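Going by this note's numbering, the final residue of the sequence shown carries number 162, and the count climbs one at a time with no gaps. Notes follow once the structure below has been shown.
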Amino acid sequence: MDETTFAVRDVIEASRDLMARMAKSVEMNANDLTAIAILNHHGPMGPVELGRRLGISGPSATTLVDRMEEAGYLARVRSDTDRRRVAVTVTDSAREIAAAVWRSPIEKLDAVSRTLSAAESAVVRDFLVRITEAMNEGREIS
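See the structure below:
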């Protein structure tokens with residue numbers, strides 16, 4: 021394998037470790053904090069879709085949503101157009117926790133990014149977009 025591929029693998033591994041450390045710092049498990057991050061990034065979605073994005077079964081997703089709703093991190097909201105549909109969204113409390121735990125890592129990543137020239141930054145962005153597309157290939161998420 022190419023050295024760059026190994027470096028990408030290391031970034032993925034570091035990302036998993038970072039998520040686990042951040043979750044532990046706020047007394048959550050990694051899936052719970054990841055659920056907040058997914059909902060913050062993609063907006064409200066059904067419990068089944070959230071479960072798919074987390075890589076867990078439908079019943080496990082329901083259990084996660086129930087637990088996080090009881091803790092005050094998630095809320096279920098009914099669709100205005102179809103009252104049978106329920107979406108899951110993050111609460112203000114969850115947004116505050118996410119902002120607090122992500123602040124330092126984002127600042128560190130931003131500091132590294134700022135060391136790049138405009139040309140280097142463009143190359144890195146293009147590379148990361150292509151890597152993301154390759155990793156998402158075949159993904160069955162709407």
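Yeah, the Cβ is synthetic: ideal placement off N, Cα and C, and Gly gets one too. Remember, it's a predicted structure, so these values are computed and weren't measured experimentally.
As summarised for the region 67-95, the continuous alpha helix (DSSP H) elements at least 4 residues long and confined to that stretch are 67-74 and 78-90, given in chain order. In the three-state scheme derived from DSSP, where H, G and I count as helix and E and B as strand, residue 65 is classed as strand. A distance of 7 Å or more separates the beta carbons of residue 121 and residue 109.
Annotation: residue 149 is outside any beta strand (DSSP E); the continuous alpha helix (DSSP H) that includes it extends over 138-156.
Residues 74 of the same chain have their beta carbon placed closer than 6 Å to that of residue 51, with the five preceding and five following residues left out of the count. Less than 7 Å divides the Cβ of residue 118 from the Cβ of residue 60. With contacts defined as CB atoms closer than 7 Å, residue 56 and residue 114 qualify as a contacting pair.
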